[in-house]
Amino acid sequence: MRSDNIYTAILRLIKTRQEDIKSAILDGNVGDWASYQNLVGQLTSLRKLDTDTRELFRKWEIDDDSENGNNTS
């Protein structure tokens, strides 16, 4: 399995979970303030995880290109 497929699958899972949380909040399916805060915290963490995953993938792509002599700079 290619590494880009793994990253795509991970990013898809993150996005799906983000959408689930957004829907719960926007549809009013939050029981109380503590639950709301928990969901907002999860959403914040997922956004950070998404950003970190994308940055890591870009870094590894650049490193792979450099190691294979495909440096385009």
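Residues in the sequence shown are numbered consecutively from 3, following the working numbering.
By construction, the Cβ of each residue, glycine as well, lies at the ideal position given by its N, Cα and C atoms.
Where residue i sits in the DSSP three-state scheme
i	result
I16	helix
G30	coil
Span separating the alpha-carbon of residue i from that of residue j
i	j	result
K24	R56	21 Å
S75	S68	Residue placement at S75 is flagged as unreliable, the pLDDT there being 47, under the threshold of 50; the coordinate-derived value follows with that caveat. The straight-line gap from Cα to Cα measures roughly 10 Å.
N7	A36	37 Å
I27	Y38	7 Å
R60	D54	10 Å
D66	Y9	15 Å
Among the options, nearest to residue i - alpha-carbon criterion
i	options	result
L41	R19, W62, T53	R19
L51	I8, K17, N31, N7	K17
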